[in-house]
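Novice: Before I ask anything, let me first share the structure, which is written out below as structure tokens.
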Amino acid sequence: MSYHTIKTGIEEASNVIGKTWPLYSFVTSNPLAGYEKLPFTEAVSNANKMLNVSMFPKASVYREALETGEIKEKILVELLAENGFTELPQNYLNQLEANEPEEGENPSHQLDRIMAKWLSAFMDEGLAEWEMPRKEEGFFTAWRELAAFDNELKISRLREIPKTAEETLIFVLKGVEENDYSRIFWHHLASLPGWTGYINYRTASGSGWQNEFPISLEEYLAVRLFIAKKLDLNFIPKEKNTTDQNTYPALAYIWLKAWEKSWQGELKHTLKDQAIHLNDISTAAKTPDAQMAFCIDTRSELIRRNVESKGNYETFGYAGFFGIAMDYANPDDGITRKSCPPIVGSAYTVSERAQDNKAKVVQKHHAKNAQWNFFQYFLKRMKNMLPSAFGYVEGTGVFYGIASILRTLFPGWSYRTLQKQTSSYETVCEPHMNLAEEAHQHNHDIPLTQKVGIVKSAFDLTGWKNFAPLVLFAGHGSHSANNPFGSSLDCGACAASPGKHNARMLAKLANEPQVRDLLATDHGYMIPKETIFIGAQHNTTTDEIELFDSHVPASHQDRVAQLKRDLKKAQQTATQERLGIKNGVRTAHQKANHWGETRPEWGLAKNASFIVAPRSLTKEVNLDGRCFLHSYDWEHDKKGKALEGIMQGPMVVTQWINNHYYFSTVDNDAFGGGSKITHNITGRFGVVQGNGGDLKMGLPLQSVSQTDTQGYHKPLRLSVLIHAPVQRISEILLRNESLKTLLDNEWIYLMVMDPKQQNEVFTYGKNMNWEGDTPPISKTKVIKTKSVPELVDA
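If you read the sequence shown in our numbering, its first letter stands for residue 1, the second for the next number, and so on.
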């Protein structure tokens, strides 16, 4: 037996396991990322075999979409007929309902429970008071030393277990055909996808916990397979007993396609009507009083509309890390966190330093913060330590009782009181950026050319031309109480951190005179002397926009004051629209601070499209918070490099977000987070349902559903619409095989509104084919196909 063969088998099997992100950095990602090289239909069929989960919306969801008109019956009937289904849609809906997969017993339940127990003990990140011994020697060694003390394992002597993970795998696989290795590894990795996904995350990220207490999928399999063989617990998985189920997934997929095509039709109709006005925009338009760049996040669509309606304001959409690949050193807790997309390596570290003449104020702030942090640490220790827990509860019961009553009965009032009393370091500090390898050398500065490159990139990607007296870069963050999944509501482009740090840093760079001079002389960006850049943050729970304007000169104070008044008005109308009530701000404050609120806000729920276009194409159009909006001007981007960057980065990331919501909705138990009501935090990094089991890897039920039975998120695959010439996009796809693969495999739909062809919309088909009413100016083939690919047996 060759161990190389075993190692190769583990590596192949691990490719289909996604990543489970920790609660403190909960980044949305496609749970089937390992299958993205396969067509969507084949991927979901394979995943169904491995995980025994639902891959399509329930029949009741389709029924509601049909009744509300979200699925257009004409489109549905056409798709059904093209695939040989000629009866009425209602008949097929009844078939779907009657044949929905039933939840069966988990044959690996006992083994899963045992493994979850050991994993939670080993992977604890500081929550447990008593640490598992010998963790620093790795998972296998630590488990081996203690295994004999677990009576459930029936191991009487330590020498029953081989000394290493490698030896153990060779031992347990003796006599097994090599052709069965992959199937065995796939089964045992997929049995606890949340836990194995977190192992994947730790090994890939190289976190401090992983460096200190290493664990690998190889060690995990060694322990699991040894226990399985010892206790005779489904060591070699039994073949799934399948009957002829081709009809169910094929029908479910047709209904999904009909829903997606219906949405695309509405979107195209809306934007084509709006495109008529594109040519009517005067090139001599009045300079805005202020310009604001928001994240492409779907929640920005609402606030941008409301801000624009309050005055002469122009808004842009730009990925919320604002093009700065950075880590952020937080002065409040001393922890450095990633603040850029997970797929991007951090080139810089940003820290805080005192503004001029404010060093003493900063020292007092740090001292006060250190006292508060120690007080919180002390209270936590008192609660968690067994000898003091009962006395602590008795002694502090009155205090906590009063606090709980206030937060329960008056959450809005307590939120506003807290906001007034909280001192913000942004008023006394300014961000400072070092190269990542020089993070601790605070007096160093990054090269001027890199500063210019960061600012230029922001203007290039958004098609920025003219500059208002005030320019805001508005990151976004959320606020909620008692919410383990709170980071999932922050900025995904900032690795689930608030975007204000990146926004403040970009504003500082853009204000530097040397940066402006080079932008003008070398790149043609003529920024007026009166233009001031300001960092800001949009609170997506309350729709408040906070300005970090302590550096703004007296000459601009009146402008800033007026802008703040208008942003307050925008907050009022935005919350009113979002929450459907007159006094939306007060209710938003209550949701932000109520310890029992399971839905403080909806995050990116209902996301369905990514639009890359000038704001004029979507301005004054209510897209109901369903679209990511990235500003882009194809005429400004002569060589298409900016568009290529948008497609390589934000388009791929929005697909991850979209699929994270899709799979968390269609099977919340398997891909989501389950109900918040019965969550238990484990190890500080994740949650389990009840008292154990798999680590939850997706969004909780309350983030995608209005109730336990009534949905909220619309589970559709991402439809991208780009305003640019088809020829340019074809050239980009030919240079980027990975993007072309995502499109060919139908993980993303791509529509192109071609400004060179009267804004005709063309839809991408497999192998560089484009479907449209008139042929694009390209050698690529135009087709009219609407066929649905055949699904393999699920």
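Where is the CB? At the ideal position from N, CA and C, for every residue including glycine.
Nothing here was measured: the structure is a model prediction, and the numbers come from that model.
In this structure, how does DSSP classify residue 505 when only helix, strand and coil are distinguished?
Specialist: The answer is helix: DSSP assigns residue 505 an H, G or I state.
Novice: Using DSSP with H/G/I as helix, E/B as strand and the rest coil, what is residue 788?
Specialist: Legend: pLDDT at residue 788 = 40, less than 50; position of this residue unreliable, value from coordinates given subsequently. In this structure, residue 788 counts as coil in the three-state DSSP scheme.
Novice: Return the chain-ordered list of same chain residues with a C-beta closer than 7 Å to the C-beta of residue 3, the five sequence neighbours on each side being excluded.
Specialist: Counting only Cβ-Cβ distances below 7 Å, and skipping sequence neighbours, we find 166, 170.
Novice: Assuming contact is defined by CB atoms lying nearer than 8 Å, are residue 696 and residue 711 in contact in what I supplied?
Specialist: No, these two residues do not count as a Cβ contact at 8 Å.
Novice: In the DSSP assignment, the alpha helix (DSSP H) including residue 702 goes from what residue to what residue?
Specialist: Start and end: 701-704.
Novice: Roughly how many whole angstroms lie between the Cα atoms of residue 311 and residue 566?
Specialist: Taking the straight line from one Cα to the other gives about 7 Å.
Novice: Quick check: the Cα distance between residue 155 and residue 149, rounded to an integer number of angstroms?
Specialist: Cα to Cα, residue 155 sits roughly 8 Å from residue 149.
Novice: Just verifying my parser: in three-state terms, what is the DSSP assignment at residue 547?
Specialist: Here residue 547 sits in strand by DSSP.
Novice: By Cβ distance, which residues of its chain are closer than 7 Å to residue 317, with the 5 residues on each side in sequence left out?
Specialist: Closer than 7 Å at the Cβ level, and outside the excluded window around residue 317, lie 294, 296, 300, 629, 630, 631.
Novice: Given residue 670, which residues of its chain have a CB within under 7 Å of its CB, disregarding the five upstream and five downstream residues?
Specialist: Contacts found: 51, 53.
Novice: Just to confirm, are residue 35 and residue 48 a CB contact at a threshold of 8 Å?
Specialist: Contact: no.
Novice: For the 8 Å Cβ check, are there 3 or more pairs between the segment 726-742 and the segment 219-239?
Specialist: Flag = no, the segment 726-742 and the segment 219-239 do not touch.
Novice: I need the boundaries of the beta strand (DSSP E) containing residue 431, first residue and last residue.
Specialist: Unbroken beta strand (DSSP E) run through residue 431: 429-435.
Novice: Going by beta carbon distance, what residues of the same chain come within less than 6 Å of residue 18, once the five residues before and after it are set aside?
Specialist: Cβ neighbours of residue 18 beyond the five flanking positions: 31, 33, 197.
Novice: Sorted by chain position, which residues of the same chain lie with C-beta nearer than 6 Å to residue 107's C-beta, five sequence neighbours on each side aside?
Specialist: If we look at residue 107 and ignore the five residues flanking it on each side, its Cβ neighbours are 234.
Novice: Please find out if some non-hydrogen atom of the ligand NAP comes closer than 7 Å to the beta-carbon of residue 100.
Specialist: This structure lacks the ligand NAP; in fact it carries no ligand of any kind.
Novice: Suppose the cutoff is 7 Å on Cβ atoms and the five residues either side in sequence are ignored; what does the same chain contact list for residue 244 look like?
Specialist: The pLDDT assigned to residue 244 is 42, lower than 50, so where the model puts this residue is not dependable, and the model offers no usable value.
Novice: Short of 6 Å in beta carbon distance, which residues of its chain neighbour residue 702, apart from the five on each side in sequence? Order them along the chain.
Specialist: Closer than 6 Å at Cβ, skipping near neighbours: 598, 599, 676.
Novice: Looking at the unbroken beta strand (DSSP E) that takes in residue 665, where does it start and where does it end?
Specialist: From DSSP, residue 665 is part of no beta strand (DSSP E) but of the alpha helix (DSSP H) over 650-666.
Novice: Could you please give me the residues that DSSP links to residue 621 through a beta bridge?
Specialist: According to DSSP, residue 621 bridges with nothing at all.
Novice: Given a cut-off of 8 Å, decide if residue 346 and residue 494 are closer than it, judged by their beta-carbon atoms.
Specialist: For residue 494 and residue 346, no; Cβs fall outside 8 Å.
Novice: Along the chain, which unbroken stretches of the beta strand (DSSP E) at least 3 residues long are found entirely within the segment 683-728?
Specialist: Complete beta strand (DSSP E) runs here, min 3: 686-689, 718-723.
Novice: Which residue wins for smallest C-alpha separation from residue 663, given the options 707, 678, 653, 713?
Specialist: Among 707, 678, 653, 713, the Cα nearest to that of residue 663 belongs to 713.
Novice: Give the range of the alpha helix (DSSP H) segment to which residue 211 is assigned.
Specialist: 208-212 is the extent of the alpha helix (DSSP H) around residue 211.
Novice: Once the 5 residues before and after residue 751 are set aside, which same chain residues still bring their CB inside 6 Å of it?
Specialist: Around residue 751: 721, 761, 763.
Novice: Over what stretch of residues does the alpha helix (DSSP H) that includes residue 537 continue unbroken?
Specialist: Counting along the chain, residue 537 falls outside any alpha helix (DSSP H), though it belongs to the beta strand (DSSP E) covering 532-539.
Novice: Roughly how many whole angstroms lie between the Cα atoms of residue 20 and residue 209?
Specialist: So the alpha carbons of these two residues sit roughly 15 Å apart.
Novice: At which residues does the beta strand (DSSP E) containing residue 215 begin and terminate?
Specialist: Counting along the chain, residue 215 falls outside any beta strand (DSSP E), and DSSP gives it neither H nor E.
Novice: Are any of the Cβ atoms in chain C nearer than 8 Å to that of residue 520?
Specialist: Looking at the structure shown, chain C is missing, and only one protein chain is on hand.
Novice: Leaving out five residues on either side along the sequence, give the residues of the same chain with a beta carbon under 6 Å from the beta carbon of residue 680.
Specialist: Excluding positions up to five away in sequence, the list reads 688.
Novice: Hey, how far is the Cα of residue 464 from the Cα of residue 527?
Specialist: So the two alpha carbons sit approximately 11 Å from each other.
Novice: Going by the beta-carbon positions, is the gap between residue 216 and residue 199 smaller than 8 Å?
Specialist: Contact flag set, yes.
Novice: Take residue 672 and list the residues in its own chain whose beta-carbon comes closer than 6 Å to its own, dropping the five residues that flank it on each side.
Specialist: For residue 672, where only same-chain residues beyond five positions count, the Cβ hits under 6 Å are 664, 698, 699.
Novice: Enumerate, from N- to C-terminal direction, the unbroken beta strand (DSSP E) stretches of 3 or more residues contained entirely within the segment 295-369.
Specialist: 313-317, 326-329, 336-338, 348-354, all fully within the segment 295-369.
Novice: Measuring straight from C-alpha to C-alpha, what distance separates residue 303 and residue 726?
Specialist: About 31 Å.
Novice: Looking at the secondary structure, which residues open and close the alpha helix (DSSP H) in which residue 67 lies?
Specialist: 59-67 is the span of the alpha helix (DSSP H), which, as asked, contains residue 67.
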